[in-house]
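Colleague: Going by our numbering, the first residue of the sequence shown is number 441, and it counts up by one from there.
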Amino acid sequence: MYHIYTASFKDSNNDGIGDIPGILKKLDYLTGLGVDAIWLSPVYASPMVDLGYDIADYKSIDDQYGTMDDFRELLAEAHKRGIRILMDLALNHTSELHPWFLESRSSKNSPKRDWYIWMPPKDGQKGKKPNNWRTNFGRKAWRYDHKTKEYYYHSFFREQPDLNWRNPEVKEAMFDIMRYWLDMGIDGFRLDVINLLYKDAELKNNEFRLFGKSKIYNRNQPEVYELLRDLRKLLDGYPEKASVGEIYVVPPGDPALAASFLGGGADMLHLVFDFSLAFTLWKASSYYKTIAEYYRKIPESAWPCFFLSNHDIGRSVKRLFWERGKYAKAKLRAALLLTLKGTPFIYYGDEIGMENVPIPKRHIRDLYGRLLYPFFKGRDRARTPMQWSDKPHAGFSKQTPWLPVSEKYMSINVKKDGASVLHTYKALLSLRKKHKALQKGDIVFFNKGENNILAYSRQCEQEELIVLLNFSGRKKTYAGGFDTAKILFSTHGTRNPTVGSCPSASLPSRAPMTLRAFEGIILKRQTA
Ligand SMILES: [Ca+2]
């Protein structure tokens, strides 16, 4: 699954903003990479306060991204290439400019008043907010509306009022929107902050806690599970549709919570995003712990998924100050992501080793960054234009793009692949396509990350592939050994002759495997 941040993928009409016809032009690139599906960041009509996550019309395409015809063409062309498209859907809130909210705020007697969460000032006292809930960046989450002298609730920016999912009309309207896109032929949805949909019925105050979870009453309410059951029934009414839910939590993630949204494994979401892997420290044993814990938590019949980067948390290459050996590490992380049991999500540009880009204050587009600067500089750093070539603006556009292009684009781009990260991704994805064991096989861990090597195998029918990943910056030896195994792949390209040269050599019987610094290899066990 490939995550496209539409505004930064490819600009077709040279206005500096990526668009749908731009994606269309690059479909062959995605095919060449080995992508099966796209998660498209929101392309609906939006005032772009939160860059598309504030939706003003759920059944339209924003002008800056193209037309509905462009979208239909993209869908048809993607399907021709066997690429599926998941739409990004924000169900928790709309734009303040959505007709529903305009109607809702117009009068206390509006038929849409109860579609949003309106409350009078506490105890009837002017200026007193209904409760102590805060937004996800720490500010008060109630906005006073002078016209009707009540507050409305917003989990994010004040321009994004939260919908009242306790009103059945809201659910019906949103299900109608989902049917609209499913009928058009899209393949499913990525559901934004799905665990935030319901709030406590009595809007109880959150308790203050120095440690642990303090946001109890404005998320993870039991009613959301019921809703997801109904949503799954809606999806199951169509052939081969998928849903992936973003389970919004603070670092280091919460696999048990994420897993809970999978229900029994076949009655709620198809996939859930747990943030744990992205926030795991660089150590084989830490990765083992995170991954094993996630597998333990999800129901047996459910399917896992993993990601390392996204548009909110930034790119993995530079997380945790990984300057040393960063590209070798990027390749090793790719080897991990693409060999685990579960659907891998690749954030656009990660496959060429794109890095977070420092954005000067005058260029900050993310409202978080503008509101919280300099304490938080926003999320733009991981949303910069895709680096296609060493041409001006990295071949993304002929105009100055909406966000600055990385200064490193001359050496890090699709055409050049100086660090050969792209080559690694392609090789791994092609291997994944070739070997059923990597796609569907069970996973068996050989160790718990001892000696900073993570060792596991993927098994399916008669096939067994063995993965050894050295997270250390030094040469390390895996003592386990294998009777006979053929080396299929190394993140370092070729292998030292003492342990056979890639790709055809077989290992001598029970030979310990020596791995170079940050090397990952894949072996195929030879069966008699
Ligand atoms: Ca454009």
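Every residue gets a Cβ at the ideal spot worked out from N, C-alpha and C, and that includes glycine.
#1: Any idea if Lys-465 is buried or exposed, counting beta-carbon neighbours within 10 angstroms, 16 or more meaning buried?
#2: With a threshold of 7 Å, establish whether the CB of Asn-853 neighbours any heavy atom of ligand 1.
#3: Short check: CB of Arg-872 to CB of Ile-883, under 8 Å?
#4: Exposed or buried, which one is His-594 when buried takes at least 16 other CB atoms within 10 Å?
#5: Here's the rule: buried if 16 or more other CB atoms are within 10 angstroms of the residue's CB, otherwise exposed. What is Leu-721?
#6: For Leu-908, write down the residues that DSSP places opposite it in a beta bridge.
#7: Per DSSP, what kind of secondary structure is Ile-457 in: helix, strand or coil?
#8: From this set, Glu-903, Pro-841, Phe-929, which residue's C-alpha is nearest Lys-450's C-alpha?
#9: Is Asn-572 near ligand 1, judged by its Cβ being under 7 Å from some heavy atom?
#10: Quick check on His-863: does DSSP put it in helix, strand or coil?
#11: Using only the heavy atoms of ligand 1, determine whether one of them is closer than 7 Å to the beta carbon of Ser-970.
#12: With the cut-off set at 8 Å, would you say Lys-771 and Thr-931 are in Cβ contact?
#13: Report buried or exposed for Asp-676, applying the criterion of at least 16 other Cβ atoms within 10 angstroms of its Cβ.
#14: Quick check: the Cα distance between Leu-878 and Ile-525, rounded to an integer number of angstroms?
#15: Looking only at C-alpha atoms, which of Glu-536, His-710, Glu-609, Met-826 sits nearest to Arg-583?
#16: Can you give me the C-alpha to C-alpha distance between Asn-545 and Gly-818, rounded to a whole angstrom?
#17: As a quick check of your reading: which residues have a C-beta less than 5 Å from at least one non-hydrogen atom of ligand 1, in chain order?
#18: Excluding the 5 residues preceding and the 5 following Pro-937 in the sequence, name in chain order all residues of the same chain whose CB lies nearer than 7 Å to its CB.
#19: Give the DSSP-derived three-state secondary structure of Met-618 in the structure shown.
#20: Looking only at its chain, what residues have a beta carbon closer than 7 Å to the beta carbon of Thr-730, apart from the 5 residues adjacent to it on each side?
#21: Given Arg-821, which residues of its chain have a CB within under 7 Å of its CB, disregarding the five upstream and five downstream residues?
#22: Identify, in the order they occur along the chain, each residue of the same chain with its Cβ nearer than 6 Å to the Cβ of Arg-960, setting aside the five sequence neighbours on each side.
#23: Relative to the alpha-carbon of Asp-528, which residue among Gly-921, Glu-612, Tyr-678, Ser-481 has its alpha-carbon at the smallest distance?
#24: Looking only at its chain, what residues have a beta carbon closer than 6 Å to the beta carbon of Arg-630, apart from the 5 residues adjacent to it on each side?
#25: Should Leu-748 and Leu-777 be called a contact, given that it needs their Cβ atoms to be closer than 8 Å?
#26: Using CA atoms only, rank isn't needed, just tell me which of Ser-741, Ile-557, Phe-713 is closest to Asp-707.
#27: Below 8 Å, can you find three or more Cβ-Cβ pairs linking the region 447 to 462 to the region 832 to 847?
#28: Can the beta-carbon of Ala-530 be found closer than 8 Å to that of Asp-632?
#29: If the criterion is Cβ atoms closer than 8 Å, does the pair Phe-911 and Ala-724 meet it?
#30: Closer than 8 Å is the cut-off here; do at least three beta carbon pairs connect the region 470 to 477 with the region 499 to 513?
#31: Which value, in whole angstroms, describes the spacing of the CA atoms of Phe-507 and Pro-832?
#32: Looking at the structure shown, is Gly-858 part of a helix, part of a strand, or coil, going by DSSP?
#33: In the structure shown, what three-state DSSP assignment does Tyr-813 receive?
#34: Tell me whether Glu-901 is buried or exposed, calling it buried when 16 or more other Cβ atoms sit within 10 Å of its Cβ.
#35: Drop a sphere of 10 angstroms on the beta-carbon of Gly-793, count the other beta-carbons inside from all chains shown, and report buried for 16 or more, exposed for fewer.
#36: Determine the burial state of Pro-691: buried for a count of at least 16 other Cβ atoms within 10 Å of its Cβ, exposed for fewer.
Modeller: Result, derived from the coordinates:
#1: Flag for Lys-465 reads exposed.
#2: No.
#3: For Arg-872 and Ile-883, no; Cβs fall outside 8 Å.
#4: With 16 or more neighbouring CB atoms inside 10 Å of its own CB, His-594 falls in the buried class.
#5: The residue in question, Leu-721, is exposed, as its Cβ has fewer than 16 Cβ neighbours within 10 Å.
#6: Paired residue(s): Ala-895, Ile-961.
#7: In the displayed model, Ile-457 falls within coil according to three-state DSSP, outside both helix and strand.
#8: Nearest of Glu-903, Pro-841, Phe-929 to Lys-450, Cα basis: Pro-841.
#9: Not a single heavy atom of ligand 1 lies less than 7 Å from the C-beta of Asn-572.
#10: In this structure, His-863 counts as helix in the three-state DSSP scheme.
#11: Here the chain comprises residues numbered 441 to 968, so residue 970 is not present and cannot be evaluated.
#12: The Cβ atoms of Lys-771 and Thr-931 lie closer than 8 Å to each other.
#13: The residue in question, Asp-676, is exposed, as its Cβ has fewer than 16 Cβ neighbours within 10 Å.
#14: Distance between the alpha carbons of Leu-878 and Ile-525: 23 Å.
#15: Of the residues Glu-536, His-710, Glu-609, Met-826, the one whose Cα lies closest to the Cα of Arg-583 is Glu-536.
#16: One point to set straight first is that residue 545 is Arg, not Asn, in the sequence displayed. About 30 Å.
#17: Listed by chain position, these are Asp-451, Asn-453, Asp-455, Ile-457, Asp-459.
#18: A caution first: Pro-937 carries a pLDDT of 39, below 50, which makes its placement in the model unreliable, though a value can still be read off. The answer is none, since no qualifying residue turns up.
#19: Three-state result, Met-618: helix.
#20: Here the set comprises Ser-716, Leu-717, Thr-720.
#21: These residues qualify, in order along the chain: Gly-754, Asn-796, Val-797, Pro-798, Ile-799.
#22: In the sequence as displayed, the identity of residue 960 is Gly instead of Arg. Answer for Gly-960: Leu-772, Ala-775, Leu-909, Thr-931, listed in chain order.
#23: The candidate whose alpha carbon is nearest that of Asp-528 is Ser-481.
#24: So the qualifying residues of the chain are Trp-479, Leu-526, Asp-528, Val-684.
#25: Taking 8 Å as the cut-off, the Cβ atoms of Leu-748 and Leu-777 count as close.
#26: Here the closest residue by C-alpha is Ser-741.
#27: Counting Cβ pairs under 8 Å, three or more are found: they touch.
#28: Between Ala-530 and Asp-632, the C-beta spacing is below 8 Å.
#29: Going by C-beta atoms, Phe-911 is nearer than 8 Å to Ala-724.
#30: In short, these stretches do not touch, since the Cβ pair count stays below three.
#31: Looking at the sequence shown, residue 507 is not Phe but Thr. Going from the Cα of Thr-507 to the Cα of Pro-832 covers about 27 Å.
#32: In the structure shown, Gly-858 falls within a coil segment according to DSSP collapsed to helix, strand and coil.
#33: Here Tyr-813 carries a coil assignment [DSSP, helix/strand/coil].
#34: The residue is exposed, with fewer than 16 neighbouring Cβ atoms inside 10 Å.
#35: Buried, by the Cβ-count rule.
#36: That one is exposed.
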